[in-house]
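So the structure is just underneath, and the comments pick up after that.
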Amino acid sequence: MESVRQTMEPVSRTAQWTAAARALESERADRIFDDPYARTVAGDTGFDLLERYRGSAVVPFVLVRTRYMDDAVTATVRERGIRQVVLVAAGMDMRAVRLSWPPGVTLYEMDRPALLDAKAALLADHPSAPTAVGHCDRRTVPVDLAAGWQDQLLAEGFVPGQPTLWVAEGLFFFLPEDVVRRLLTGLRELSAPGSVLIGDMTSRATLTNPLARGFLRVLEDDGNPWLFGTDGPEEFLSSCGWAVNDLKQPGEDGADFGRWPHPVQPRSVPNVPRSFLFTAEVVPG
78 MESVRQTMEP VSRTAQWTAA ARALESERAD RIFDDPYART VAGDTGFDLL
128 ERYRGSAVVP FVLVRTRYMD DAVTATVRER GIRQVVLVAA GMDMRAVRLS
178 WPPGVTLYEM DRPALLDAKA ALLADHPSAP TAVGHCDRRT VPVDLAAGWQ
228 DQLLAEGFVP GQPTLWVAEG LFFFLPEDVV RRLLTGLREL SAPGSVLIGD
278 MTSRATLTNP LARGFLRVLE DDGNPWLFGT DGPEEFLSSC GWAVNDLKQP
328 GEDGADFGRW PHPVQPRSVP NVPRSFLFTA EVVPG
C-alpha cells in the first residue's frame, strides 16, 4: 500500500504504530482486548514504527489505555444511555466495529481527510469487510481539529441537544496547549447535560525527563513532536469545562490489567513522568 504510506501525514502514521501494538496484543492467548482489524490498519508502516520506537514505555501504555477506554466506553453507553459517540482524532481506532453497541448508537469518527482515506483503503484489503456488531451507525467526518470542525460534525447529523460521549485517545500531547484548550472548550460548547469525555494526557514532567529525551527526539525527527503535558489534569480539564470523576495512572487498580511493568509513584512525588487516563463529565453551563 505504497500510496497509503505516501499520503499519510507524519502525526497520522503514529495511529498505525498504536494499531500495531494492539495487533500484537490481540494475537496473545491471554489478550486483554481483541481487535481483529488492528493488523490490517497498522499496515507495514505501523510495524516499522513499532521497531523504530522499541524500548519506549509507550507500548504498555497503549495496551492499558485501550482496555481502560474500552471498559469506560462500554459502561458509559450502557449505564448512562448515551447514544451519540464521537471519536475525536479517531486514528486507526476500530471500536465502531469491534465493540458490541446497544441499539441506536451513532458513532462519528473525526480525523484528517488523508487518514480517513488511508484507513478506508487499508480496510478494503481486509478478508471480510468490517460490519458493525450491535446497532452502531458509523459516520466519518474529515476535519482539521486545530481549526474549525464543528460545522462538519453538524453536517453529518450530530445533534447538540443530545448527551454525547467524546473519546479523545492519544491526541492531546501532539497539540500546543492553546489548541488543546480551544478543542476541549469546543467539545464543551457542543455538549448537552450528561455528556462525558474519556481521554488521556501526559505530564509536563514527561516532556522534560532526561530518560525520555532520546525517544522524544526521534518523534520530533519524524514530525511527531509531543507538545503538551500537564501535571494537574484535573485542574486543566476543569478550566475547560470538564469535571473529572475518574483519573488513574497506569498500574493503579483499574488501569493495570497485567500489562504495566513499572512502579507507580504517588501523585505527591514531584517531577515524575506520568500518564493519565480519565473520565470526565461536562460542567453544567
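If you count by the working numbering, then the sequence shown holds residues 78 to 362, one letter each, in order. Each residue gets a CB set at the ideal place from its N, CA and C atoms; glycine is no exception. Just so it is clear, the structure is predicted and the values come from calculations on it, not from any experiment.
Check this for me: beta carbons of residue i and residue j, under 9 Å apart or not?
i    : j    : result
L164 : E102 : no
P302 : L288 : no
T183 : R160 : yes
L365 : T117 : Past the edges of the chain, shown from 78 to 362, lies residue 365, and the structure says nothing about it.
M169 : A92  : yes
L176 : T151 : yes
V273 : T153 : yes
E311 : I275 : no
D277 : R129 : no
P253 : F138 : no
L192 : F250 : no
S315 : V360 : yes
R157 : P240 : yes
Per DSSP, which residues does residue i bridge with? Please list them.
i    : result
A130 : The sequence shown places Tyr at residue 130, not Ala. DSSP, once it has assigned bridges, lists no residue as partnering Y130.
D274 : Note that residue 274 is Leu in the sequence shown, not Asp. Answer by DSSP bridge pairing, in chain order: W243, A357.
W226 : Answer is none; W226 lacks a bridge partner.
T217 : E186
G91  : Sequence inspection shows Thr at residue 91; the Gly mentioned does not correspond to that position. According to DSSP, which records beta bridges pairwise, T91 is partnered with nothing at all.
T279 : S352
Q342 : Answer by DSSP bridge pairing: none, since Q342 is not bridged.
V163 : Y185, W243
Does residue i come out as helix, strand or coil in the three-state DSSP assignment?
i    : result
E358 : strand
A149 : helix
A191 : helix
D323 : strand
L296 : helix
E156 : helix
G309 : coil
E233 : coil
L284 : helix
E104 : coil
F138 : helix
S268 : coil
(request) Could you tell me whether the segment 260 to 271 touches the segment 225 to 235, using the rule of 3 or more Cβ pairs below 8 Å? (result) yes
(request) Pair every Cβ in the segment 216 to 224 with every Cβ in the segment 180 to 195, then say whether three or more of these pairs are closer than 8 Å. (result) yes
(request) Evaluate the contact criterion for the segment 333 to 350 versus the segment 128 to 146: three or more CB pairs, one atom per stretch, below 8 Å. (result) yes
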